[in-house]
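Each protein sequence line maps, in turn, to chains A and B. When the letters of the first sequence are read in order and numbered with my numbering, they come out as residues 1111 to 1259. When the letters of the second sequence are read in order and numbered with my numbering, they come out as residues 1111 to 1259. Since the structure comes first, as structure tokens, the remarks are kept for the end.
Number of protein chains: 2
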Amino acid sequence: MTIDLSKMRQKFREREYKLTPQRQMILQVFMDNRGKHLSAEDVHNIVRQQSNDIGLATVYRTLELLSELEILQKMDFGDGRSRYELNENSTPHHHHHLICITCGKVIEFEDDLLEDLENVIAKNSNFTIIDHQVKFYGHCQECREKREG
Amino acid sequence: MTIDLSKMRQKFREREYKLTPQRQMILQVFMDNRGKHLSAEDVHNIVRQQSNDIGLATVYRTLELLSELEILQKMDFGDGRSRYELNENSTPHHHHHLICITCGKVIEFEDDLLEDLENVIAKNSNFTIIDHQVKFYGHCQECREKREG
DNA sequence: GTATGTGCAAATTGTTTGCATCGCG
DNA sequence: CGCGATGCAAACAATTTGCACATAC
């Protein structure tokens, strides 16, 4: 189900994009960092740590490309930079985020209830829904305990 | 229920912020533009049209302040700039957005179904949810008709 | 009167772009 | 081989910051 190099190779051939080492390297970064929400700079730094430098512009261009191919999913947590993660089980995602207001931690959760909601909304608003992004803001257990402590 | 100048005056006194003409003017812009999602630049332009110039930096600082006071709500539609609107009935909002991928139009919708979802999630994830922000991406009726046309 | 707020311009930050060069298919 | 991809540096756009001056309380 999950994307790997051969899947990516296939997607690239279909669309006649070149599979350069830089692009492979960036995919690898995401495969090595499942569950994290990496910014362009994060990716750039990780690659450099492996002493395999890539131009930052190339990182940006690749992230954009991989998002278009639906290999990555672009997301925004309101911290002023775009973040990306592997788009595990293509669409729809059923995968949302709890953002702790206190410590900024981002927790994932899976859910299907939103599907029903989508249907209701689609009917009421005459809007064809393709994707959704949900963020819940609140306090995580840890911060709550600290505060109440 | 809705915020007006006297409410704002009160909130400002509580926190010992000064109620300057610039700050009042910016609140007025939002009261005159209910339902719109204004960026800092939008606000700046509207004020200038009324031949009452305010420094752009002040606009930014005021938007930040008003968000902190929960008079405004900061939101992000992925167009590279923050947008703000009056935070009508304090928390929780029950007020979400449908974003058309084709034309970029933002449609509002009210909903309560998410409350149930919040409760389930809170229980499952041990997370105290204070607010949520939901964006649905898809095609609005108009664009759909054009495409099928 | 004094701490806070404002305006301006300069600095920062994230991201994009132009162009010469490189290398995948 | 040729065209798309890369790297660099310069350009951009949104936002932030330093500082002298102004003003609400």
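Note that CB positions come from ideal geometry on N, CA and C, so glycine has one too. If you're wondering where the values come from, they're calculated on a predicted model, not measured in any experiment.
- Under the Cβ distance rule, residue 1239 (chain A) counts among the residues neighbouring chain B, one pair being separated by less than 7 Å.
- Within the segment 1138-1206 of chain B, complete beta strand (DSSP E) segments of at least 3 residues are found at 1182-1186 and 1192-1196, given in chain order.
- In this structure, residue 1135 (chain A) lies near residue 1162 (chain A), with their beta-carbon atoms less than 7 Å apart.
- Put simply, the backbone Cα of residue 1172 (chain A) is about 11 Å away from that of residue 1131 (chain A).
- Distances from the alpha-carbon of residue 1174 (chain B) to those of B:1238, B:1192 and B:1188 put B:1192 closest.
- For residue 1243 (chain A), DSSP records a beta bridge to B:1245.
- Taking the CA atoms as reference points, residue 1142 (chain B) sits about 16 Å from residue 1117 (chain B).
- If you check the CB distance, residue 1196 (chain B) and residue 1140 (chain B) come in under 7 Å.
- The C-beta separation of residue 1185 (chain B) from residue 1242 (chain B) comes to about 12 Å, leaving the pair out of contact by the 8 Å criterion.
- Chain-order list of chain A residues neighbouring residue 1235 (chain B): 1208, 1217 and 1219, by C-beta distance under 7 Å.
- Excluding five sequence positions before and after residue 1164 (chain A), the CB atoms of its chain that fall closer than 6 Å to its own CB belong to 1132 and 1157, given in chain order.
- By the neighbour-count definition (other C-beta atoms within 10 Å, threshold 16), residue 1128 (chain A) is an exposed residue.
- If you compare the alpha carbons of A:1182, A:1166 and A:1226 with that of residue 1144 (chain A), the shortest gap goes to A:1182.
- Interface annotation for the segment 1155-1187 of chain B against chain A: 1186, criterion Cβ-Cβ distance under 7 Å.
- Here the alpha carbon of residue 1226 (chain B) sits roughly 43 Å from the alpha carbon of residue 1168 (chain A).
- DSSP places residue 1117 (chain A) in the uninterrupted alpha helix (DSSP H) bounded by 1115-1125.
- Between residue 1237 (chain A) and residue 1253 (chain B), the gap from beta carbon to beta carbon reaches 7 Å or more.
- The Cβ atoms of residue 1219 (chain A) and residue 1206 (chain A) sit closer than 7 Å to each other.
- Annotation for residue 1124 (chain B): no residue places its beta carbon closer than 8 Å to its own, counting only its chain and skipping 5 residues before and after.
- Burial of residue 1245 (chain A) is indicated by the presence of at least 16 other C-beta atoms within 10 angstroms of its C-beta.
- Here residue 1114 (chain B) has 1141 as same chain residues with Cβ atoms under 8 Å from its own Cβ, once five neighbours each way along the sequence are excluded.
- Around the CB of residue 1153 (chain B), 16 or more other CB atoms lie within 10 Å, so the residue is classed as buried.
- When A:1190, A:1198 and A:1235 are compared, the shortest CA-CA separation from residue 1208 (chain B) is found for A:1235.
- Cβ neighbours of residue 1228 (chain A) within its own chain (closer than 7 Å, five residues either side excluded): 1239 and 1242.
- DSSP, read as helix, strand or coil, puts residue 1233 (chain B) in helix.
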